[in-house]
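*Asks:* Dropping the structure in here first, questions after.
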Amino acid sequence: MHSFTVHHLRPDICDSPFRKEIKPQLTVEDWTLQLCRFFRIKPLYSRLFGLREIVPSSGGRKSKGCCSNYWRHPSDKLEPDAQVEFRLRFWPAQWMLKDRNEMIAQDPEAFEYAFQQARKDFINGVIDISADKKDETRGLSGVLAALYMRENDTDPKETVKNVHLFAPSGVVAEQNFPFKFGPAFFNGLKSKLEDALQKRRFSERPLELKGQFLNGLFYMCPKYTAEIYRVVFPNREFSEGTLLVNFHRPNETPGVDVHDDNGDPYYLVDTYYLVEDLICVYLSGKGVAIGHRNHPPLIVEVKAPGGMAVKALRSLIGCLDGYYRLTKQWSTRLCDCDDLEAPSLIRARIQKIHAPVGKDYAQKKLNSSRAYLQRGSYMLRESTSSYDRIWLDVCLEDGELPRSFPLDRGSNPEEWRFRDLPEAPLDKLLSYISSSEGSNIPLIKKISIKGDPFPPPVLLCRPQIALASTLESADHSIVFRRDKFVDGKERLPQSVCMTQLVSSSADRKAQYVLKRRGNNFFSEEDVPFKYTQNKLNITLQNLLDLARGLAEALVYLAEKEIPHGRVRCHNLLAYFTQNRELRAKLSDCGMPTEEESVIWLAPELRRRNCNGVSLEGDIFAAGLTLLQIFMWGAEPTFVIPVVEPRWKKYELQVKKVFGVVESCWKSDPKDRITAEVLLERLMKIAFSMESCLSKSSLSEYMVISDTGTVMTDLGTTGDTVTTCTGALISEDNTEVPPMPSLLFGLNQRDMTGPGFDDDDEGLPGGVPLLDRVQFTKNSLGEEKRLGEGMYGVVVLGTYQESNGKTVKVAIKKCRDRDGKPPSKDAEKDLLNEVTIMKDLTHPNIVRLIGVTYDSETADTLASDRRICLVMEYVPEGSLERLLISKKRSMKPQQLFKFAIDVAESSSEASVLIHVRCVFQGMKYLNEQRVIHRDLAARNVLVMTKDWVKVADFGLAHVLDSSDYYRVHSHKLLPLERHPLESLKHSKYFLNSDIHLYGIFLYELFSGEFRPKIPKVPLPDADPKNKECFIKAQENGLRLPRPAPLNDNFTEDMVGTVHSRLMMKCWADQDSRPSWEKVLQILQVDIRDVLLPE
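According to numbering that gives the first Met the number 0, the residues represented by the sequence shown are 0 to 1092, in order.
Printed below as a string of structure tokens:
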């Protein structure tokens, strides 16, 4: 039997070390949690403890061994006969405060263990105390003596006589202390102790005395809580130095001290890294690279005697990782090496179980996340007091605070129990809870462990010192105060730091922001990056530096809570330093233009139909700006470009950059990365490239887009037009209007459904995944008219690719009526269609490819231009036309597939193909909170014989926080298609489209495209007819059962679809089925009738 030994510091609980049998499945972290349970330390504070290595001694009085400075990494497995000591590793910041009693009361056992550890270290003399601390040492010894008297009720005279028991002593003390513990020292201690007893200075309770001892020890020996590593700097000619991770610095922020013994002024000597500035930790050869946001990565190799180098390196990584998680963000880690990830973090990420954060935090998390206290949103969190319990916090009703339910560990450690339900693994138990009768606990949406509404309680080492004032000034900077009005009501004071020199700033991040009372001031080297002439001299590392500058500026503005509003590439100013390093500053926001709002505004801002600003909106725009940086200022596009052949050497890093870009484009602002995370991810990419990038020209591994050209300060050279969304300033200081191009793109990985294969290079129907293609007035050709509606016309267009291939597209634009230009309502509907379609990605939704200006108006003033939608070409036309032309040959299988496609994606046999398409598309719209409002066979397009797509979003609307959308005009829609709530109250709900889906089914199975209830007048312009129609609807009258479409359909088939589905879709708003229920009816009831075996 293999075993190991655990030494501890609580002889009052157990007077001998533990001998534990090795279990292969248990890690150091698992053993640590078991020891915490034994010593009654609560789960919240168990994160602070670890196991420190004990190495065999060469002999002497401590022959059993002595503690090293190295800790075992949480993921380590212990070897046979290993010796470790259970200790507090990370010291909580709260214990350093004067009002620590409340925090200590949360876990008195953890505090007691910490005190016993510090007391033993002090008495055994293992703490390094300087020569000028003799009086402080006497004071701490006196506190321990007084504590002994208070706890044991001993005679003061006896305590004074044995005062030497409370002072550092022993062989180790003789080696570590610069002064001797001779008679003079102890006589002085006795006299001070006697004097204190006479004046009753030690009248405090034992807990207060322990706090005094720890406070005095920390301030006398600030390095006591630190971990010190001797290191070698490979990049500094292997000079040696010290790396000190300090968990507590009196009156200062904790962090990492770096000292170089050589003291070479060329290098960064005596540098101090704040924890918040650490970006990542990478293994680098025999050492480790520590990423810092303001400096190049620090590469060190750990020196350790006796073959301990590997353990020392893992100890350092565990120290930095654990300290970062306890200080900044518990759910993330610094080190990306899978072999060095804490098991608890792996479990938390897989099972989405939060740390022991408490009920208050859970309520705020559920309220601030995407759930917004929605019914069925829930989260799991560990208990703060029990290792055998986790808490389930769930919102039972919309808007109500969540209720908490305990889940207790079962007889099998891997299983859990809840009330009377059988014990089961966690995932199964949650499904039992959600589906069991009478539980009334809906579990619909599980909240991720990422994203904190405020610092959670588990950040026990988070500094508690007050932050510096946001108003700062120095010789090289000025701070102005500005009042900001929000909606004309609330006035918010804000501070804007105006940098006056490029190279320095009072605020370490303000150097990335350039602000001059709303105007840009350029130095000789400050040039808009979008029009720089230095492409051939810029390396890929330079571009990453520019991206970092942008991210730094956003972090600075986020900390000041100042949204920028116009994060653009042409507002990013670039300059070269004397060392030819490329730096960037974010300029002022300037005046927004209407043309920019379509693509630059985040979805939530576009849906509000306003030009508002927000920090989340800045992140969305930053994604486009980052892509522009790596595409040489090309026009904004939501296409993720393919890695160029010359990039192949750095393909992994470039793809990571594009991954960061996509993280900025999440539709929900709560899902987007923060400015701080954006900076960290960019820095990690930069550090990973350090070893493979050279100072060679960028042309070696980056090429210009096929349609791009070298840019000048006023635009482009050559025949290809490269456009920009912002206005340019010409030589005569007049504004040059933006070029007619706004490109939206397609993302291959979002393509699913019929016709999409992994090897496809484009969309079915000949539409490629347009990559970096920019539409100009001459790049699109028009061939023939495909169709027209009340406001618009659709024409077949062609696009000529650079390789000569012609691609077919559909161009939708507003049409003239009676020789007059389109109405404002028509243009507004088209713009609304752009806004909504851009965010929709589904195989059963017609996809928007791009936006351009009508060729007839492209050369006119900006206010007179008309936009056109460039969409994928759907070759077979509308479903209405198909039903008319092939009414006699339609089969039940086709209509069934059509119905489902309009109403979720699936890969069933082709016999199911047509009812599925419409259902899939409409269910997707419902999930995106989009109301179509005009679902009909005429607005469903046929891609192939077994694949249809929902189109025409001119009347669609996106619901934000409201449950309904109120219309002010029904325009020219046939009113008989409108649901009852719309006719009576002008309201549309998400399930209003289900009513229209029922009418679509009627069209599908009857071939009638303006169905009518017998003997009921249509609700036309006559108010009496509308009132009669509403009354008939309220009395339950609905469209009758249709006649069979052709001989392939029976009366029973049509009657079943009508009674079991159509009538349910036409029920009152509160009684209509959900899309999930519609799918169930289609796949069970309707399928059995239409597709008999």
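The beta carbon of each residue, even a glycine, is placed where N, CA and C say it ideally should be. Because the structure is a prediction, the values reported are computed rather than measured.
1. Let me make sure I understand the geometry here. Which of 48, 1035, 1034 and 1052 has the alpha-carbon closest to that of residue 1093?
2. Residue 300 lies in the beta strand (DSSP E); which residues open and close that run?
3. Quick test of your reading: residue 281 and residue 274, contact by CB under 8 Å. State the CB separation rounded to the nearest angstrom.
4. Which one of 827, 813, 999 and 136 has the shortest CA to CA distance from residue 918?
5. When the Cβ atoms of the region 359-379 are set against those of the region 414-423, are three or more pairs found closer than 8 Å?
6. Tell me where the alpha helix (DSSP H) around residue 835 begins and ends.
7. Could you tell me the alpha carbon to alpha carbon distance between residue 717 and residue 1086, rounded to whole angstroms?
8. To the nearest whole angstrom, what separates the beta carbons of residue 233 and residue 298, a pair I think is in contact under 8 Å?
9. When you compare only the Cα positions, how much space is there between residue 16 and residue 5?
10. Do you know whose CA, among 671, 668 and 656, lies nearest residue 682's CA?
11. Per DSSP, residue 1081 forms a beta bridge with which residues?
12. Apart from the five residues just before and just after residue 384, which ones in its own chain have a Cβ nearer than 6 Å to its Cβ?
13. Since residue 32 and residue 45 are thought to touch, with beta carbons under 8 Å apart, how far apart are those beta carbons, to the nearest angstrom?
14. By Cβ distance below 6 Å, which residues in the same chain neighbour residue 950 in space, the five residues on each side in sequence not counted?
15. Could you tell me how far apart the beta carbons of residue 167 and residue 227 are, in whole angstroms, since I believe they sit closer than 8 Å?
16. For residue 313, is the classification buried or exposed, using 16 other Cβ atoms within 10 angstroms of its Cβ as the cut-off for buried?
17. Where residue 37 and residue 447 are concerned, what is the direct C-alpha to C-alpha distance, given to the nearest angstrom?
18. In terms of residues, what are the limits of the beta strand (DSSP E) holding residue 422?
19. Suppose you measure from the CA of residue 755 to the CA of residue 877; what does that come to, to the nearest Å?
20. What three-state label does DSSP hand residue 86 in the structure shown?
21. Scan the region 340-387 and note each continuous alpha helix (DSSP H) run of 4 residues or more that stays entirely inside, going in chain order.
22. Using 10 angstroms around the beta-carbon of residue 333, count the other beta-carbons present and answer buried if the total reaches 16, otherwise exposed.
23. Quick check on this structure: which residue in 433, 543 and 131 has the alpha carbon closest to the alpha carbon of residue 582?
24. Put residue 622 into one of helix, strand or coil per three-state DSSP.
25. Helix, strand or coil for residue 809 per DSSP?
26. Based on Cα-Cα distance, which residue from 386, 892 and 395 lies nearest to residue 407?
27. Should the region 870-886 be called in touch with the region 791-810, which here means at least 3 C-beta pairs below 8 Å?
28. Could you have a look at residue 78 and say whether DSSP puts it in helix, strand or coil?
29. Helix or strand or just coil, what does DSSP make of residue 304?
30. In whole angstroms, what is the alpha-carbon distance linking residue 954 and residue 931?
31. Let's test the definition: count the other Cβ atoms within 10 Å of the Cβ of residue 453 and tell me whether it reaches 16, buried, or not, exposed.
32. Taking the DSSP output, what are the residues bridged to residue 1033?
33. Return the CA-CA distance between residue 991 and residue 962, expressed in angstroms with no decimal places.
34. Beta carbon of residue 3, beta carbon of residue 87: below 9 Å?
35. Pull up the distance between the alpha-carbon of residue 927 and that of residue 616, whole angstroms please.
36. Quick check on the burial criterion: 16 or more other C-beta atoms within 10 angstroms. Buried or exposed for residue 320?
*Replies:* Quick look at the numbers:
1. Residue 1093 lies beyond the residue range present for the chain, which begins at 0 and ends at 1092; the question has no answer from this structure.
2. 297-301
3. In fact, because the Cβ distance is near 17 Å, the residues do not count as touching under 8 Å.
4. 999
5. no
6. 823-836
7. With a pLDDT of 29 at residue 717, under the threshold of 50, the modelled position of this residue cannot be trusted; read the value that follows with caution. Approximately 60 Å between the Cα atoms of the pair.
8. 6 Å
9. 6 Å
10. 656
11. According to DSSP, residue 1081 bridges with nothing at all.
12. 41
13. 6 Å
14. 845, 938 and 940
15. So it is not a contact: roughly 19 Å between Cβ atoms.
16. buried
17. 31 Å
18. Element bounds for residue 422: n/a, residue is neither H nor E.
19. Low confidence applies here, because residue 755 scores a pLDDT of 30, under 50, leaving its location unreliable and the question unanswered by this model.
20. strand
21. 342-350 and 358-367
22. buried
23. 543
24. helix
25. strand
26. 386
27. yes
28. coil
29. coil
30. 7 Å
31. exposed
32. Note: residue 1033 sits in no beta bridge, so no partner.
33. 11 Å
34. no
35. 19 Å
36. buried
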